[in-house]
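Heads up: the sequence shown begins at 0 in the working numbering, then just goes up one per residue.
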Amino acid sequence: MTASRKDQFDTIVVGGGPIGQAAAYSLSRRGARTLLLEQFNFGNQLGSSAGVSRQFRIPYPERYMVKLVKQSIPFWDELQLRTPVPLMKKVGTLWFGDPSVHSTEGNIGQAEKALKAENVPYTSLTAKDIEREYHFRDLPSTYTGLFQADGASIDLKATIQTLLDWNRASPLVTLHDEAPVTEIRWRDGAFRVRTPLGTFAGKKLVLTPGPFANSVFGLLGFRVAATYWNMASAFYKKTRPDIQYPTWFVFQNPVGANGNQFYGFPEVDWNYPGYIRVASDFVMQPLDSPAGRTLVPNPKELAFTAQWVRDHMTGLEPVPQFTSTCLVALSKLANKELIVDFAPDHVPHHEDIVVYATGWAGKFVPLLGHILSDLALDGKTPFDISHFQMGRVYFHKAGKEKSA
0 MTASRKDQFD
10 TIVVGGGPIG
20 QAAAYSLSRR
30 GARTLLLEQF
40 NFGNQLGSSA
50 GVSRQFRIPY
60 PERYMVKLVK
70 QSIPFWDELQ
80 LRTPVPLMKK
90 VGTLWFGDPS
100 VHSTEGNIGQ
110 AEKALKAENV
120 PYTSLTAKDI
130 EREYHFRDLP
140 STYTGLFQAD
150 GASIDLKATI
160 QTLLDWNRAS
170 PLVTLHDEAP
180 VTEIRWRDGA
190 FRVRTPLGTF
200 AGKKLVLTPG
210 PFANSVFGLL
220 GFRVAATYWN
230 MASAFYKKTR
240 PDIQYPTWFV
250 FQNPVGANGN
260 QFYGFPEVDW
270 NYPGYIRVAS
280 DFVMQPLDSP
290 AGRTLVPNPK
300 ELAFTAQWVR
310 DHMTGLEPVP
320 QFTSTCLVAL
330 SKLANKELIV
340 DFAPDHVPHH
350 EDIVVYATGW
360 AGKFVPLLGH
370 ILSDLALDGK
380 TPFDISHFQM
390 GRVYFHKAGK
400 EKSA
């Protein structure tokens with residue numbers, strides 16, 4: 000494999016979703032000549048960036064996560080300066096349900112402690128408060144909740160477009176979509192990355208391939224231990240135009256095959272105006288690989304979600320419309336943490352390979368881009384990512400795979 004001078008870069012980013020776009024944005028702002036490679040088209044609906052809305056919320060059961068979300072706010076503010084299109088709609092975050100439940104999202108009581116520790120204001124709620132103020136109904140009297148006013152719905156499509164527009168305009172960024180990586184080798188002082196569009200050389204690698212992580216990692220001889228959720232969601236028509244919901248999550252114990260945990264979004268003008276998005280925060284059958292994904296939601300998961308809407312939400316027709324799926328890779332940690340680390344030690348020049356793998360990261364997009372650029376260019380970051388540097392546990396040796 001050979002690369003001409005014009006095909007040589009300071010950093011090559013593999014994976015052109017929002018995290019990869021944010022990494023290229025941050026790298027270029029630091030003066031690094033950057034190549035961004037995407038196996039599909041930019042803005043595709045085939046990975047974990049499917050859909051156009053994400054929740055921004057500060058409540059977390061861990062203090063370090065609350066702190067990290069707070070630290071992300073100036074980076075969102077900076078990115079907002081790049082576009083006249085609002086990147087968020089602030090509506091608040093509502094967490095409610097059974098106070099004894101510990102889910103992949105955490106626990107209500109633990110979140111209250113973490114918010115207090117980080118001096119984040121919030122309001123504690125009873126079941127009656129939730130029904131009176133937030134349009135839910137017929138909740139068990141034992142349910143409790145919290146409301147945090149800074150929660151918002153992220154316009155993910157506008158976020159990606161803002162980053163993509165910057166990267167397209169930057170003289171330091173080269174963008175190639177429809178460019179799956181088929182080989183990575185270290186030779187003559189650089190990583191040689193082969194694609195159908197040619198071979199490119201880079202001094203550093205930033206790997207952000209989302210749920211297709213192992214197809215890329217396998218080229219370097221390692222894998223991440225992950226499970227894959229093909230998550231289902233749908234939009235429900237508003238019958239009362241005056242009703243607006245916050246972003247919300249309900250904590251409940253499973254009932255048989257029903258995971259019984261749901262979350263939702265407000266009505267927004269960029270995504271089916273007149274409709275509210277509600278989704279299940281569980282899957283009945285996790286996938287072993289992204290090859291099993293489908294764009295058609297599991298009908299049982301949709302039915303369980305529609306039943307929740309019918310029983311406990313006001314002002315909506317309980318009939319799922321405009322359905323979709325989103326494929327996400329999750330670590331096998333109990334709370335499905337992010338993994339942000341360097342490649343494992345057995346990989347040649349692992350200290351020059353930065354990896355983001357697994358987890359829900361929509362609320363961290365601009366901050367994660369900055370952190371990844373820090374790691375690539377400096378080998379460290381001032382942000383506390385110690386809880387995410389789990390490669391020693393979840394990265395394993397593997398035979399190289401054919402393509403990415």
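Just so it is clear, CB atoms sit at the ideal spot from N, CA and C, and this is done for glycine as well.
Residue i - DSSP class collapsed to helix/strand/coil
i      : result
Ala113 : helix
Thr238 : coil
Asp340 : strand
Lys379 : coil
Asp6   : helix
Met230 : strand
Glu182 : strand
Phe281 : coil
Tyr244 : coil
Ser123 : strand
Arg29  : coil
Ser71  : helix
Thr194 : strand
Val84  : coil
Val215 : helix
Thr313 : coil
Asn106 : coil
Beta-carbon contacts of residue i that lie in its chain and below 6 Å, excluding the five residues immediately before and after
i      : result
Asp149 : Ile57
Asp9   : Ala31, Arg32 and Lys202
Thr322 : Ala233 and Pro296
Glu428 : There is simply no residue 428 to check, as the chain begins at 0 and stops at 403 in what is shown.
Leu86  : Gln79, Asp154, Ala157 and Thr158
Thr1   : Residue confidence is low: Thr1 scores 46 on pLDDT, short of 50, so the model does not pin down where it sits. No coordinate-derived value is stated.
Residue nearest to residue i in terms of C-alpha spacing, selected from the options
i      : options                           : result
Phe234 : Ser214, Tyr271, Pro347 and Gly220 : Tyr271
Gln79  : Asp154, Val192 and Lys203         : Asp154
Leu67  : Arg391, Ser385, Ala397 and Phe261 : Ser385
His349 : Gly220, Lys362 and Val282         : Gly220
Val249 : Arg239, Gly144 and Lys202         : Gly144
Pro120 : Phe146, His101 and Gly108         : Phe146
Lys236 : Ser169, Gly209 and Gln320         : Gln320
Ala224 : Gln20, Arg391 and Gly15           : Arg391
Tyr227 : Thr92, Leu374 and Ala328          : Ala328
Ile338 : Gly188, Ala305 and Pro210         : Pro210
Lys88  : Phe264, Asn106 and Asp164         : Phe264
Gly358 : Gln388, Phe382 and Lys379         : Gln388
Ser169 : Ser288, Arg193 and Gln20          : Gln20
Pro194 : Pro381, Val13 and Lys379          : Looking at the sequence shown, residue 194 is not Pro but Thr. Of the listed residues, the one whose Cα sits closest to Thr194 is Val13.
Thr238 : Ala278, Asn252, Gly255 and Glu266 : Glu266
Asp97  : Arg167, Ser140, His395 and Phe39  : Ser140
Phe74  : Ile352, Tyr24, Ile107 and Trp94   : Tyr24
Ala360 : Asp76, Arg53 and Arg167           : Arg53
Leu315 : Gln284, Phe41, Lys299 and Arg276  : Arg276
Sequence-distant residues of its chain with Cβ nearer than 7 Å to residue i (five each side left out)
i      : result
Asp310 : Asp137
Asn229 : Val282, Leu286, Arg292, Thr293, Thr324 and Leu326
Arg62  : Ala113, Ala116 and Glu117
Gln109 : Pro60
Asp383 : Tyr63
Pro289 : Pro210, Phe211, Tyr227 and Leu326
Val364 : Pro17, Ile18, Ala21 and Thr158
Pro343 : Phe221, His349, Gly390 and Phe394
Contact check, residue i vs residue j, beta carbons under 8 Å
i      : j      : result
Thr246 : Val51  : no
Tyr262 : His134 : no
Leu196 : Ala178 : yes
Leu301 : Ala189 : no
Leu35  : Leu174 : yes
His101 : Arg222 : no
Phe55  : Ala151 : yes
Asn257 : Phe303 : yes
Val353 : Val205 : yes
Gln37  : Asp164 : Reading off the sequence shown, one finds Glu at residue 37, where the question assumed Gln. No, Cβ-Cβ distance for Glu37 and Asp164 is not below 8 Å.
Val308 : Pro317 : yes
Within-8 Å CB hit, residue i to chain D
i     : result
Phe95 : Reference to chain D is not applicable here, since this structure consists of a single protein chain.
Taking one C-beta from the region 181–199 and one from the region 154–167 each time, how about it: are there three or more such pairs within less than 8 Å? Not touching, per the Cβ criterion.
Evaluate the contact criterion for the region 359–378 versus the region 22–30: three or more CB pairs, one atom per stretch, below 8 Å. Result yes; three or more Cβ-Cβ pairs closer than 8 Å.
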